[in-house]
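Residue numbers (this note's numbering): 46 to 493.
As structure tokens, this is what we get:
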């Protein structure tokens, strides 16, 4: 009796079972932090595996362990994703969008974000529906309603911002491509949310009984999407302008500046989400106003605090999203329809390829011309500096002061010891051969 009393007094496990969900989440965050540290330390074999894939595998392991011990992650649902996990990830991506690159490639971002997303949804959904009508056996045992094809096409047309940010950050791609992809993924999220909600409302509820033909439904969809996006952007502009105006008078109370910026941004997103508007669009406009105006009003320490806090919460949210996916894969019984999966992947690849290379065949906005523009930018930087250390804006340390991701021109002007000139060279009149120009560069550059 005494021994059992002593054992019970020493090890009281009721609190452990009560807080089992928090224990699993905290342990997962610790393990993910160690994994991120290993990637940053440059372990040899980790270069071949993207970091999000590794974290996802760890999430599957933790999900299996949680399922084995009957630990239910009951709070991880769609409401938690949209209200808690998504805002910091989107806000961090927006704060890291360099306004020079964003404005320079705004037309490309808008084309990919709106026209490209809608084209993919329509083409993939219509293709699946036509295949189901012409060859029902191609989908296996599936025989869904036509609306389900478009709902599925909306899901697969959505670009995962978490994976995009993680993979592009690890690959260290060119800044222009990086910000084009980031901007497109941000707009893509807002567009797909609106289209999915619209298709579900008019296809799966009582509103589908409205007497409207196909073209009227399409016109109404465009009208609803336009109103929601513009209204969301207007709300983000109002909240962002109010925050910028308010921070003009906080120079004596710098401790509350991060609180004002972060709480105003989150409130903007929550209000949009509450009225079923795309909170991503409002956060985009709000974040751009913060980087252009508000960050000029607040102190340097407040800027660093905001960026570090948003970066930390976004990293935690990304990890918990992958934990949720891993838990779902481990707990729920999966039914694999190989025919449907293979067909869907093939259609996604084919239509995305055609949309990118055919629809965007404009002379100034086509992908080959964007690539040529990036090569010209790279050559221009090489001709202005020699033996300079990392002049790419993307390689700038993200959290080291007010001018985050400083442009190449500004950094060149500051490094007077590395200025160079090339006599008789004009980038606009030069041929597009990268190797030839690098050879000329190595032989004719004179350091001033």
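All residues carry an ideal CB built from backbone N, CA and C; glycine is no exception. Keep in mind it's a predicted model, so treat the numbers as computed, not measured.
Between the C-alpha atoms of residue i and residue j, what's the straight-line distance to the nearest angstrom?
i	j	result
residue 233	residue 157	8 Å
residue 81	residue 322	34 Å
residue 213	residue 93	14 Å
residue 348	residue 314	21 Å
residue 442	residue 135	At residue 442, the pLDDT of 41 sits below 50, so the modelled position is not reliable and the matter cannot be decided from this model.
residue 432	residue 220	Confidence at residue 432 is low in this model, with a pLDDT of 43, below 50, so the placement of that residue is unreliable and no value is reported for it.
residue 320	residue 372	30 Å
residue 115	residue 71	17 Å
residue 388	residue 192	18 Å
residue 266	residue 241	11 Å
residue 87	residue 123	35 Å
residue 380	residue 189	16 Å
residue 355	residue 133	6 Å
residue 299	residue 292	9 Å
residue 261	residue 289	42 Å
residue 398	residue 294	51 Å
residue 307	residue 167	37 Å
residue 187	residue 175	14 Å
residue 65	residue 79	21 Å
residue 329	residue 305	17 Å
residue 246	residue 181	27 Å
residue 111	residue 67	11 Å
residue 263	residue 393	22 Å
residue 178	residue 118	40 Å
residue 436	residue 146	Reliability of the predicted coordinates at residue 436 is poor, the pLDDT of 39 falling under 50, and no value is obtained from them.
residue 163	residue 63	46 Å
residue 331	residue 90	40 Å
residue 396	residue 370	27 Å
residue 495	residue 183	It is not possible to answer for residue 495, since the shown part of the chain is limited to 46 through 493.
With the cut-off set at 8 Å, would you say residue i and residue j are in Cβ contact?
i	j	result
residue 185	residue 353	no
residue 365	residue 130	yes
residue 169	residue 201	yes
residue 273	residue 244	no
residue 159	residue 368	no
residue 284	residue 309	yes
residue 107	residue 69	yes
residue 76	residue 103	yes
residue 327	residue 281	yes
residue 400	residue 228	no
residue 150	residue 226	no
residue 105	residue 375	yes
residue 325	residue 235	yes
residue 302	residue 343	yes
residue 198	residue 173	yes
residue 333	residue 286	no
residue 336	residue 140	yes
residue 113	residue 96	no
Can you tell me where the alpha helix (DSSP H) with residue i in it begins and where it stops?
i	result
residue 293	No alpha helix (DSSP H) contains residue 293, which DSSP labels as neither H nor E.
residue 165	162-179
residue 196	191-202
residue 68	65-86
residue 401	It is not in any alpha helix (DSSP H) - residue 401 carries neither H nor E in the DSSP assignment.
residue 304	302-319
Is residue i close to the ligand FMN? I mean its beta-carbon at under 7 Å from any heavy atom of the ligand.
i	result
residue 301	In the structure shown, the ligand FMN is absent, as is every other ligand, since no ligand is present at all.
Kindly say whether residue i, judged by its beta-carbon, lies nearer than 8 Å to any beta-carbon of chain C.
i	result
residue 318	Here chain C cannot be found, since the structure has a single protein chain.
3 or more residues per run - each beta strand (DSSP E) lying fully within the region 327-396
Along the length of the region 327-396, whole beta strand (DSSP E) runs at least 3 residues long do not occur.
Runs of 4 residues minimum, wholly inside the region 94-174: which ones carry the alpha helix (DSSP H) assignment?
96-113, 131-140, 144-149 and 151-155, all fully within the region 94-174.
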